[in-house]
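Worksheet: one structure, shown below.
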Amino acid sequence: MTDASYTRPIPEPTLDSQPYWDALKEHRLVLQQCASCGTSRHYPRPVCAHCFSMETTWIEASGQGTVYSWTVAHHPFHPGFKGKTPYVLVTVELEEGVRMVSQLPEVDPDAIKIGMPVEVYFEDVTAELTLPMFRLRQ
Amino acid sequence: MNGLRDRVAITGIGETAYTRGSGKSIMSLQMEAALKAIADAGLSPKDIDGVIPYAGMGVVAEDFITNFGIEDLRYSATTPMGGASCVASLQTAAMAVATGVATHVLCVVGRNGYSGSRVGSRVAQMPQFKTIAEYEMPIGNIAPPQLYAHMARRHMELYGTTSEQFGHIAVTIRQHALLNDNAIMQTPMTLEEHQNSRLIASPLRLFDCCLESDGGTAVVVSSAERARDLQRPPVYLMGIAEGHPDSPSTITQRTDMTRLGTAKAAPQAFAMAGVTPTEIDVAEIYDCFTYIVLCQIEDLGFCDKGEGGAFVQGGRIALGGELPVNTHGGLLSQAHIVGMNHIVELVKQLRGTAGKAQVADAEIGLVTGYGDMGDGAVAIMRR
Chain A
1 MTDASYTRPI PEPTLDSQPY WDALKEHRLV LQQCASCGTS RHYPRPVCAH
51 CFSMETTWIE ASGQGTVYSW TVAHHPFHPG FKGKTPYVLV TVELEEGVRM
101 VSQLPEVDPD AIKIGMPVEV YFEDVTAELT LPMFRLRQ
Chain B
1001 MNGLRDRVAI TGIGETAYTR GSGKSIMSLQ MEAALKAIAD AGLSPKDIDG
1051 VIPYAGMGVV AEDFITNFGI EDLRYSATTP MGGASCVASL QTAAMAVATG
1101 VATHVLCVVG RNGYSGSRVG SRVAQMPQFK TIAEYEMPIG NIAPPQLYAH
1151 MARRHMELYG TTSEQFGHIA VTIRQHALLN DNAIMQTPMT LEEHQNSRLI
1201 ASPLRLFDCC LESDGGTAVV VSSAERARDL QRPPVYLMGI AEGHPDSPST
1251 ITQRTDMTRL GTAKAAPQAF AMAGVTPTEI DVAEIYDCFT YIVLCQIEDL
1301 GFCDKGEGGA FVQGGRIALG GELPVNTHGG LLSQAHIVGM NHIVELVKQL
1351 RGTAGKAQVA DAEIGLVTGY GDMGDGAVAI MRR
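Note that the protein sequences, when read in sequence, are chains A and B.
Number 35 in this note's numbering belongs to position 35 of the first sequence; there are no gaps in the numbering.
Number 1081 in this note's numbering belongs to position 81 of the second sequence; there are no gaps in the numbering.
The following block contains the structure:
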C-alpha cells in the first residue's frame, strides 16, 4: 500500500539492492561485504572491485560514523521538499569504511565540523519505506 | 606519445542567439548552429560524413542525414559524459578523422534549458544518475548544486577556501560577459552582490550557479591536411583526453572528494600537446558552478591542490591577467550550452576574432568540460 500524501522521491530497488531496503524497514543498516576478500562496499552493486568476486554477504553496520562533508539545502529542487528547507544533508563516513548521504536534523548547521561523531536512526516515512537518518553521537 | 597532436583542426564554428526563451525547437537550434558551423568552414552540409550529437537531447545523427540529405554518413557516436560530453566529442571526432574513418565530423548541441524542462527534473531520468536516484534523491540530495556542495564544503574545510573566492570567479566571468553581445547577462556583478545572493545549497549561492538557457552550438572537426585548404585559419588540436573519477556514479564514495576526472585527463592532454600549464595563454573552463572552476584550475596543474582560492584572486583569471578564464562569459554569464560555447570561444581566441575579449597574441589555449558528478575532458589547441 502506498501513502498518497508522501510526495518525495521513492527509491526503486533492484534485485541487487532489495536486501538493503528490506533491512531498513526492520530498522537495520546493512552493507555488502565481499564473501571472498571481505571488503565492504556501498552503495549495493554486484561485483567486488577489489577481487572481482560476485559472492556477497550482507553485514549489519554499527551505524556509527563521522561527518565527511555536508551542505544545507535552501532551495527545494523537488516538490516533495517544498516548505521543508532548510535541511542539512550530510556525507557520513561509516566505521566500516564506506560512506553514505543522509540528513542530519536537529543540529545547528554552524556547529557542524568534519569528523563530528554521528549515529544512524530510522524514520518510517511510509508503511513501505524507511530512510536512514543521522544524529549526533554522544 | 604524440597521439592526436596536430593531426586534426577545428575548421568551423557556429552559434545561434543564446536566450531565455528561444521559441524554436531543439532540433531547429541544432540544425541552425550546425549549418552556421559548416558554412563557417566553407563546406556544404553534404560534406559532413561524421556526426556526434549531444547524447540524450532527442536529436540523433539520423536527423542530420534527413535534414541535410547526407548521402554517406560514415561515422556517428555519442559521448554521454554530461558537461564533459562536448570536449570529449572532439576526442572521438579527432580519432575518426585521424584514422580516415571520416573526413569532416560535426559536433553539435542545442537545448531549451530555460524554456524546457529544468535540471532538477532532468537528472532523475538520466541513467548516469540511477545510483543517486535510488539512494540519495529520496533523502533530499537531488540536484547538482546539492550534490556538488558536499565537494565544495570539504574543500573549504580542508584548505580554508572561502565563498568570497568563489565570488571572484563569478564576478570576473561576468565582466567578460559584458564584452560579449551574445551573452545573456549584460549587467555587472559586484563581489558584494555575490555575497548577498541567496543560498541555494550552502556554501553555493545563486551567483555561484550557472544559467539555464536556450541555444545551439556546433563545431566541425577536419584533418589538418584538409583544414589548410578551407576558408578559415585552422585551429589545431594539440592534446586531448577524458578522465573519469573514482566512484563516478556517486560523489559520496570518492577516494578524494576534492579531485575530479579532470585530474586524470590533464596530464594526458598536456603530455600529448607537449606543453605545460605555464604556456597556456587563455583557458575556457567549464563553469557549471564557481567551485568547479576553482577545482579544475587545481586539477589542471595551474596551481597545487588547495591553492585554487588564492589563485583566482587579484585579477589573475581576468582579461589582462596571467590566465584569462572564460573570456566569453561562460555558463555562469553567457549561456549554458553545455560547454560547446567554450570550445567556440577558444577557437575565436586562437583565430584572433574574439572581439573586445581578445587575448593579445593568444597562441595556445585550453578548454575543459566537466559533468555527471566528476567526468572531465581537456583539450589544448593552437593557432
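Cβ coordinates follow ideal geometry from the N, Cα and C atoms, glycine included.
Q | chain A contact residues for Pro1138(B), given Cβ-Cβ distances below 7 Å | A | Residue 1138(B) sits at position 138 when you count from the first residue of the second sequence. Here the neighbours are Arg8, Pro9, Ile10, Pro11, Leu131.
(Q) With three or more beta-carbon pairs closer than 8 Å as the criterion, would you say the segment 1173-1183 of chain B touches the segment 1230-1247 of chain B? (A) no
Q.
Taking the alpha carbon of Asp1372(B) as the reference point, which residue from Gly1023(B), Gly1321(B), Ile1251(B) has its own alpha carbon closest?
A. Within the second sequence, residue 1372(B) is the residue found at index 372, counting from 1. If we check each option's Cα against that of Asp1372(B), Ile1251(B) comes out closest.
Q. Using a Cβ-Cβ distance under 9 Å, would Gln1146(B) count as near chain A?
A. The residue labelled residue 1146(B) in the question sits at position 146 within the second sequence. Cβ-Cβ to chain A under 9 Å: yes for Gln1146(B).
Q. Is DSSP giving Asn1112(B) helix, strand or coil here?
A. If you number the second sequence from 1, residue 1112(B) lands on position 112. Strand, per DSSP.
Q) How would you list, in chain order, the residues of chain B whose beta-carbon sits under 9 Å from the beta-carbon of Ala4(A)? A) Position 4 of the first sequence, counting from 1, holds the residue named residue 4(A). Ordered by position in chain B, no residue passes the 9 Å Cβ test against Ala4(A), which lies about 17 Å from the chain.
**Q.** Per-residue contacts from Thr91(A) into chain B (C-beta, under 7 Å)
**A.** In the first sequence, the residue the question calls residue 91(A) occupies position 91. Near Thr91(A) (Cβ distances below 7 Å), the residues of chain B are His1150, Thr1252.
Q: May I ask you to report which of helix, strand or coil DSSP gives Phe1302(B)?
A: Working through the second sequence from its first residue, we reach residue 1302(B) at position 302. Coil.
Q) Quick one: any contact between the segment 1261-1273 of chain B and the segment 1374-1381 of chain B, if contact means 3 or more CB pairs under 8 Å? A) yes
Q) Do the CB positions of Val1171(B) and Thr1190(B) come within less than 9 Å of each other? A) Within the second sequence, the letter at position 171 stands for residue 1171(B). Within the second sequence, the letter at position 190 stands for residue 1190(B). It is a contact, given that the beta carbons lie within the stated cut-off.
Q: Answer with yes or no whether the minimum CB distance from Ile114(A) to chain B is below 9 Å.
A: Stepping through the first sequence from its first residue, residue 114(A) is reached at position 114. At least one chain B Cβ lies under 9 Å of Ile114(A).
Q | Under 9 Å from the C-beta of Ala127(A): neighbouring residues of chain B | A | In the first sequence, residue 127(A) corresponds to position 127, counting from 1. Under the 9 Å cutoff, chain B gives no residues; its nearest Cβ is about 15 Å from Ala127(A).
Q: Kindly say whether Pro19(A), judged by its beta-carbon, lies nearer than 9 Å to any beta-carbon of chain B.
A: For the purposes of this step, residue 19(A) is identified with residue 19 of the first sequence, where counting begins at 1. Output row for Pro19(A): interface = no.
Q. Going straight from the alpha carbon of Thr126(A) to that of Tyr6(A), what length do you get?
A. As a working note, residue 126(A) is residue 126 in the first sequence. As a working note, residue 6(A) is residue 6 in the first sequence. The straight-line gap from Cα to Cα measures roughly 7 Å.
Q: Could you tell me whether the Cβ atoms of Val67(A) and Val92(A) are closer together than 9 Å?
A: For the purposes of this step, residue 67(A) is taken as the residue at position 67 of the first sequence. For the purposes of this step, residue 92(A) is taken as the residue at position 92 of the first sequence. Result yes, Cβ atoms of Val67(A) and Val92(A) sit closer than 9 Å.
Q | Contained beta strand (DSSP E) runs [length at least 3] in the segment 11-59 of chain A, N- to C-terminal order | A | 30-34
Q | C-alpha distance - Thr1290(B) paired with Met1238(B), whole-angstrom precision | A | In the second sequence, the residue the question calls residue 1290(B) occupies position 290. In the second sequence, the residue the question calls residue 1238(B) occupies position 238. If I take the Cα positions, the gap works out to 27 Å.
Q: Sort Ala1360(B), Gly1339(B), Ala1152(B) by Cα distance to Ala1088(B) and report the nearest one.
A: Reading the second sequence from its first residue, position 88 is the one you call residue 1088(B). The residue with the shortest Cα to Cα distance from Ala1088(B) is Gly1339(B).
Q. So Ser17(A) packs on Pro44(A), CB below 8 Å; how close in whole Å?
A. To locate residue 17(A), count along the first sequence from 1; it is residue 17. To locate residue 44(A), count along the first sequence from 1; it is residue 44. So it is a contact: roughly 4 Å between Cβ atoms.
Q: Could you check what DSSP says for Pro132(A) in three-state terms: helix, strand or coil?
A: Mapped onto the first sequence, residue 132(A) falls at position 132. Correct three-state label for Pro132(A): strand.
Q.
Distance cutoff 9 Å, beta carbons only. Does Thr1290(B) sit that close to anything in chain A?
A. For the purposes of this step, residue 1290(B) is taken as the residue at position 290 of the second sequence. Output row for Thr1290(B): interface = no.
Q: Would you verify that the beta carbon of Val107(A) is, or is not, closer than 9 Å to some beta carbon of chain B?
A: Taking the first sequence and counting its residues from 1, the one referred to as residue 107(A) is at position 107. Answer no: the Cβ-Cβ gap between Val107(A) and chain B never drops below 9 Å.
Q) Near Asp1396(B), what residues of its chain come up, given a Cβ to Cβ distance below 8 Å and the 5 sequence neighbours on each side ignored? A) Residue 1396(B) lies beyond the stretch modelled for chain B, which goes from 1001 to 1383, so this question has no answer here.
Q.
Tell me the rounded alpha-carbon separation between Thr1016(B) and Ala111(A).
A. By 1-based counting over the second sequence, the position of residue 1016(B) is 16. By 1-based counting over the first sequence, the position of residue 111(A) is 111. Each residue's alpha carbon lies about 48 Å from the other.
Q. Going along chain A in order, which residues have a C-beta closer than 8 Å to the C-beta of Ile1142(B)?
A. Counting from 1 along the second sequence, the entry for residue 1142(B) is found at position 142. The contacting residues are Pro9, Phe77, His78, Phe81.
Q. Which residues bound the beta strand (DSSP E) around Ile1200(B)?
A. As a first step, residue 1200(B) must be located in the second sequence, where it is residue number 200. Element bounds for Ile1200(B): 1199-1201.
Q. Distance, Cα to Cα, Ser1117(B) vs Gln1358(B)?
A. Residue 1117(B) sits at position 117 when you count from the first residue of the second sequence. Residue 1358(B) sits at position 358 when you count from the first residue of the second sequence. Cα-Cα distance, rounded: 35 Å.
Q: Measuring only between beta-carbons, confirm whether Ala1170(B) sits less than 9 Å from chain A.
A: Position 170 of the second sequence, counted from the first residue, corresponds to residue 1170(B). By this cut-off, Ala1170(B) is not an interface position.
Q. Shortest alpha-carbon distance to Val1235(B) belongs to which of Gln1313(B), Arg1383(B), Met1272(B), Glu1157(B)?
A. For this step, residue 1235(B) is matched to residue 235 along the second sequence. It is Arg1383(B).
Q: Would you be able to state if there are at least three C-beta pairs under 8 Å between the segment 91-109 of chain A and the segment 26-44 of chain A?
A: yes
**Q.** Other residues of its chain near Met1(A): CB distance less than 8 Å, five sequence neighbours each side excluded
**A.** On the first sequence, position 1 is the one that residue 1(A) refers to. With a pLDDT of 45 at Met1(A), under the threshold of 50, the modelled position of that residue is not reliable, and no figure is offered here.
Q: Taking only beta carbons into account, state which residues of the segment 64-75 of chain A come closer than 8 Å to chain B, listed in chain order.
A: Tyr68, Ser69, Trp70, Thr71, Val72, Ala73, His74, His75
(Q) In whole angstroms, give me the CA-to-CA distance for Met1151(B) and Ser69(A). (A) By one-based count along the second sequence, residue 1151(B) stands at place 151. By one-based count along the first sequence, residue 69(A) stands at place 69. Met1151(B) and Ser69(A): Cα-Cα distance of roughly 7 Å.
Q. In terms of DSSP beta bridges, what is Cys1107(B) paired with?
A. Translated into positions along the second sequence, residue 1107(B) becomes position 107. Bridge partners of Cys1107(B): Ile1052(B), Val1219(B).
Q.
Rounding to the nearest angstrom, what Cα-Cα distance links Gly1100(B) and Thr14(A) in this structure?
A. Position 100 of the second sequence, counted from the first residue, corresponds to residue 1100(B). Position 14 of the first sequence, counted from the first residue, corresponds to residue 14(A). In a straight line, the C-alpha of Gly1100(B) is about 43 Å away from that of Thr14(A).
**Q.** Proximal residues, the segment 24-46 of chain A versus chain B, C-beta separation under 9 Å
**A.** Arg41, His42, Tyr43, Pro44, Arg45
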